[in-house]
Amino acid sequence: MTELVQNIADGLGRGSIYALLALGVAVVFGVMHLLNFAHGELITVSGYAAYWAFITGWSWYLIAPLVVVVAIATSIAIEQVAFRWVRNAPDFTLLLTSFGVHFLIEAAFFMYVSAAVRSFDRPDWITKTFDVGGINFEVFDVVVIAVTLVTLGLTTLLLQRTMFGLSLRAAAEDFDTARLMGVRSDRVIRGAFALSGALAGIAAIFWLMRAGQTTPGAGLTPMLKGVLAALIGGLGSLRGAVMGGFALGLAEVLLRSRLPDSIAGLTDGVVFALIALLFIFRPQGFVTVAHAERV
Amino acid sequence: MFPDRRRDLLFPTAGSVGLFAVLVGGALIYAAVLGGSAERLITAMFIDAIMVIGIQIYIGNTGVLSFGHIGFGAVAGYVFAIFAIDPERKARWIADAPAGLDQVQVSPIVATLIAVAVTLVVAVVVGIGLARSGAKSGAVAATVITLALLFVTHEVAINWTQLTGGNRAPLSFGIGDTLDSMLPILAVLLVAIVAARLFAQSRAGRLAKAAREDNLAARAMGVDPQVQQMAALLLSVAVVAVAASLRVYEIGNITPRFFFFEYTLLTLVMLIVGGRNSVTGAVVGVVVITAARELTRRLATEGYELFGLSLDAAAVDWIFREGLPTIGLGLAMLGFMIFRPNGLMNDWELDEWLARRWLRPQEPGRPTLGPIADGAAHSRARLEADGLTVDFGGFRALGSAGIVANVGEIVGLIGPNGAGKTTLVNVLTGIVAPTAGRVLVDSDDLTGEPSHEIARRGLVRTFQNLRLFSALSVRDNVEAAYLIAEAHRDGRSRPSIDELIAVAGLWDHRHRRADELDYGNSRRLELARAAAAAPTFLLLDEPTSGMSDAESLAMVEQVRTMAETIGAGVVVIDHDLNFITGICDRIYCLDRGAVIASGTPDEIHADPTVQAAYLGTAAPA
């Protein structure tokens with residue numbers, strides 16, 4: 001029982017990061033039907049920014065906002081440089097474009113920075129635990145969950161209560177009609193990328209704190225988790241993306257603690273296989289989004 | 001299997017041999033001139049070519065983007081290595097492999113066959129997942145599933161060390177045990193090219209391409225895309241599995257990163273640059289990318305003498321670094337996606353070019369229509385829709401609507417915008433599931449059947465917003481539907497493809513791509529394509545929308561002739577009252593999801609409730 005509670009806390013902590021990543025993927029998917037395989041690169045770029053700040057002597061309290069700012073700027077820059085040229089292209093083109101961007105950024109770091117691992121110190125509170133009723137909780141998990149909940153709350157407010165949120169939701173519903181109603185496509189797409197970048201930035205803070213390092217290929221795993229979580233949730237649904245993130249985190253932790261040691265390394269493989277099964281039985285994900293085709 | 005033996009069997013085979021000859025001839029001359037290292041280069045290029053052709057069979061014919069084919073390659077590569085490497089060497093890396101696999105050794109050919117078999121089993125499972133996720137051109141969920149497959153195989157390769165040796169111990173052949181002849185590679189390459197071309201021309205390939213162009217329209221013609229996608233996947237994976245086995249055998253070992261992201265990127269860029277919809281394109285892409293990589297490699301290692309200009313090494317140092325190939329591939333992918341998404345060759349094929357020059361001049365002239373098909377034999381068929389109700393959330397689009405139509409009759413559906421006309425046709429053809437009600441053709445209950453099944457049983461529609469198979473020729477559009485009729489509408493005598501095209505007035509345009517047609521001709525093609533599916537009832541959704549008055553009048557004649565030619569009943573939706581009253585025997589008027597009046601055109605004209613619905617005056621009590 002205590003192990004289960006610990007697992008759940010751990011899973012929610014991990015899932016929080018996935019939820020933030022998945023939400024970012026879903027926001028962009030909503031406005032331009034682009035599945036952003038370059039989403040993980042936001043973590044790579046902020047990772048190098050964090051490394052630079054670290055060797056310059058910044059503390060984590062300064063590095064954290066820097067990471068978010070860099071992620072937002074990178075997200076907008078990627079949209080301006082690459083994605084705006086394929087805005088109305090078929091889905092096939094969009095998929096491969098973002099795949100190409102993923103490789104370009106990775107290769108650029110490889111060529112012009114270094115293939116080597118860049119390490120930095122993790123904050124000292126990250127490994128601390130505290131005890132409630134005989135159950136050990138990691139401080140880190142609690143902080144991650146709390147910050148994620150606050151972020152999700154703020155995002156909800158932004159989407160529900162502001163003009164920008166309204167136009168974003170309208171664009172996600174029907175982009176062409178939204179434009180006719182006076183939503184400015186440029187602004188709403190840039191806004192979506194900024195929001196997606198901000199969410200990735202907050203995820204990046206925790207991802208980097210836990211990893212304590214970055215490499216040119218560091219974006220791959222977070223990208224995959226974010227994309228998968230968004231897909232589990234039902235692509236296009238923001239609520240589903242968040243649920244998908246938490247579900248993925250919980251599934252990973254619960255599996256890892258229960259699989260026999262000899263194949264514990266296969267956790268990701270088993271999780272992917274489970275996701276494939278989920279699709280066979282519920283192809284549309286947790287939350288069904290009506291993509292009615294007009295005939 | 002092959003609709004036209006000369007066009008679909010003879011020419012593609014000959015063209016593929018030609019393509020093979022050009023590729024291999026060119027490469028061998030290059031190797032002969034440069035000697036030594038060039039041989040390794042072209043061997044690798046041939047294997048890449050087999051791999052890319054394998055991937056093309058799936059992506060090209062279905063339009064589904066797959067990142068997972070190299071994952072299939074990983075499965076095949078490991079199975080091949082585990083079965084083909086001698087036990088003595090295996091004992092070093094995977095001494096305690098499960099199921100005594102460390103003791104097994106078979107010949108490379110048998111090992112390849114085992115690899116293909118195992119990989120096909122995986123492909124069936126993945127294929128079911130893809131089908132369930134709604135795989136179609138550009139489908140995002142399907143692509144993510146293939147990406148997950150790539151990661152699963154990689155994870156397994158790294159972590160299941162008892163079987164694969166993982167990262168630290170590459171499974172390797174003994175020195176001298178590896179492939180030392182180019183012949184097997186060339187043989188497989190030839191077979192792969194021929195197989196890819198024949199599949200594209202086959203019935204399955206033609207239907208897959210129709211579904212690639214428009215999944216919904218293909219289903220409405222009676223195509224079940226999942227079947228063709230599975231066929232394409234299995235053939236494609238078999239080719240990839242052989243290529244992977246050859247690659248492992250040629251290199252002499254396998255590690256997890258052999259079949260992962262880098263190789264996925266390389267093969268996909270080759271396919272995209274050449275043109276994913278063409279086998280020739282796949283080959284061209286392989287050659288272009290191989291040449292570009294070789295050129296940069298030589299520039300980087302042997303200095304910067306380019307066309308007699310010698311460049312300052314320091315000045316270009318920032319370009320020629322490790323990692324350049326990846327940047328180059330990424331840029332190529334981005335550039336082609338933005339500026340030329342269909343690649344260098346688009347859908348050009350050597351054999352089609354040859355066929356245009358040789359077969360076309362021999363084509364028979366415009367057919368004159370013989371005696372009308374056995375329309376009379378079907379004249380008793382009756383379409384009965386009863387109590388159809390559709391709720392979209394809280395909105396009732398149809399409330400207990402019903403119509404009756406007989407073969408030999410043309411029945412009109414009119415009503416103001418939003419009356420539920422298109423929804424009614426959508427329900428009849430299985431695109432929207434009704435909340436309640438029944439659809440019968442004679443005693444055949446079609447309610448709740450999937451679209452393609454309904455089309456095969458005799459209800460075929462056209463689309464208000466034009467859903468042609470854009471990249472296919474006019475004739476190929478009609479042929480796709482015709483192939484379905486051939487298999488599923490057997491009892492009916494059918495006019496030939498050419499006759500249908502002639503009746504629709506598209507004879508002079510038959511070789512043009514559907515997306516090159518003007519509006520009126522596109523509408524006529526919609527009609528011809530639906531008629532080719534040999535329906536008992538033809539459902540036309542606004543066939544004159546966007547047409548001029550003269551064109552509408554011509555369309556009246558065309559619809560009539562077409563209906564008589566194929567012996568079908570017609571249900572037609574239109575706003576154009578001249579058209580409707582000019583063509584229909586009976587008319588139903590819908591308003592707010594219910595039938596408010598029915599009768600002959602004259603009765604409908606005189607009906608006060610119809611006038612109220614159209615003009616908005618209060619209906620008399």
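If you read the protein sequences in the order shown, they are chains Y and F. Under my numbering, the first residue of the first sequence carries the number 1, and numbering increases by one thereafter. Under my numbering, the first residue of the second sequence carries the number 1, and numbering increases by one thereafter. C-beta: ideal position from N, C-alpha, C; glycine also. All figures in this text were calculated on a predicted structure; none of them were measured in a lab.
Going by DSSP, what residue range makes up the alpha helix (DSSP H) through residue i?
| i | result |
| --- | --- |
| residue 97(Y) | 91 to 112 |
| residue 173(Y) | 163 to 173 |
| residue 481(F) | 474 to 488 |
| residue 210(Y) | 185 to 211 |
| residue 583(F) | 577 to 583 |
| residue 159(F) | 140 to 159 |
| residue 262(F) | 261 to 274 |
Show which residues of chain F have a CB atom less than 8 Å away from the CB atom of residue i.
| i | result |
| --- | --- |
| residue 233(Y) | Here the premise fails: no neighbours, minimum Cβ distance about 12 Å. |
| residue 111(Y) | 321, 322, 323, 324 and 327 |
| residue 207(Y) | What residue 207(Y) touches in chain F: nothing, since even the nearest Cβ is about 18 Å away. |
| residue 280(Y) | 128, 129 and 132 |
| residue 283(Y) | 132, 133, 134 and 141 |
Considering only residues of the same chain and omitting the five flanking positions on each side of residue i, which have a CB-CB separation below 7 Å?
| i | result |
| --- | --- |
| residue 149(F) | 68, 71 and 126 |
| residue 500(F) | 478, 528, 531 and 532 |
| residue 12(F) | 197, 198, 201 and 351 |
| residue 258(F) | 77 |
For residue i, collect the residues of the same chain with a Cβ closer than 8 Å to its Cβ; drop the 5 residues on either side in sequence, then sort them by chain order.
| i | result |
| --- | --- |
| residue 287(Y) | 233, 234, 237, 239, 240 and 243 |
| residue 337(F) | 272 |
| residue 166(F) | 157, 158, 159, 160 and 256 |
Under the three-state reduction of DSSP, which class applies to residue i: helix, strand or coil?
| i | result |
| --- | --- |
| residue 429(F) | coil |
| residue 80(Y) | helix |
| residue 552(F) | helix |
| residue 376(F) | Any reading at residue 376(F) needs caution, since the residue's pLDDT is 48, under 50, leaving its predicted position unreliable; the model's value is listed next. Residue state, collapsed to three classes: helix. |
| residue 570(F) | strand |
| residue 114(F) | helix |
| residue 609(F) | helix |
| residue 179(F) | coil |
| residue 597(F) | strand |
| residue 5(F) | helix |
| residue 168(F) | coil |
| residue 25(F) | helix |
| residue 119(Y) | strand |
| residue 385(F) | strand |
| residue 621(F) | Residue confidence is low: residue 621(F) scores 45 on pLDDT, short of 50, so the model does not pin down where it sits. No coordinate-derived value is stated. |
| residue 368(F) | coil |
| residue 136(Y) | strand |
| residue 74(Y) | helix |
What in chain Y is Cβ-close to residue i, meaning under 7 Å?
| i | result |
| --- | --- |
| residue 155(F) | 266, 268 and 269 |
Which residues of chain F have a Cβ atom closer than 7 Å to the Cβ of residue i, listed in chain order?
| i | result |
| --- | --- |
| residue 275(Y) | 148 |
| residue 100(Y) | 330, 333, 334 and 337 |
| residue 103(Y) | 265, 326, 329 and 330 |
| residue 272(Y) | 148, 151 and 152 |
Going along chain Y in order, which residues have a C-beta closer than 9 Å to the C-beta of residue i?
| i | result |
| --- | --- |
| residue 160(F) | 263, 265, 266 and 269 |
| residue 601(F) | Residues of chain Y passing the Cβ test: none, with the nearest at roughly 27 Å. |
Within the continuous beta strand (DSSP E) that includes residue i, where are the two ends?
| i | result |
| --- | --- |
| residue 395(F) | 395 to 406 |
| residue 457(F) | Premise fails: residue 457(F) is in no beta strand (DSSP E) and is neither H nor E. |
| residue 436(F) | 436 to 441 |
| residue 47(Y) | Looking at the DSSP string, residue 47(Y) is not in any beta strand (DSSP E); the run it does join, the alpha helix (DSSP H), is 41 to 56. |
| residue 131(Y) | 129 to 132 |
| residue 412(F) | 410 to 414 |
| residue 263(Y) | It is not in any beta strand (DSSP E) - residue 263(Y) carries neither H nor E in the DSSP assignment. |
Run down chain F in chain order and give the residues with a C-beta less than 9 Å from the C-beta of residue i.
| i | result |
| --- | --- |
| residue 91(Y) | 65, 137, 138, 139, 140 and 143 |
| residue 255(Y) | Those within 9 Å of residue 255(Y) in chain F number zero; the least Cβ separation is about 13 Å. |
Please go through the same chain and pick out, in chain order, the residues whose beta-carbon is closer than 6 Å to the beta-carbon of residue i, but skip the five residues on each side of it.
| i | result |
| --- | --- |
| residue 60(F) | 276 and 277 |
Practice task
Please specify which runs of the alpha helix (DSSP H), each continuous and at least 4 residues long, are wholly inside the region 34 to 62 of chain F, giving them in chain order.
Solution key: Here the runs fully enclosed are 37 to 62.
Handout entry: Residue ranges of each beta strand (DSSP E) within the region 199 to 229 of chain F, 3 or longer
Key = Segments of the beta strand (DSSP E) lying fully in the region 199 to 229 of chain F: there are none.
Problem - Segments of 3+ residues assigned as beta strand (DSSP E) that fall wholly inside the region 69 to 110 of chain F - result: Complete beta strand (DSSP E) runs here, min 3: none at all.
Problem - Whole alpha helix (DSSP H) elements within the region 485 to 560 of chain F, 4-residue minimum - result: Qualifying alpha helix (DSSP H) stretches, in chain order: 497 to 503 and 519 to 532.
Practice task
Go through the region 326 to 362 of chain F residue by residue and report every complete run of the alpha helix (DSSP H) that reaches 4 residues or more, in order.
Solution key: If only complete runs of 4 or more residues are kept, the region 326 to 362 of chain F shows the alpha helix (DSSP H) at 350 to 358, in order along the chain.
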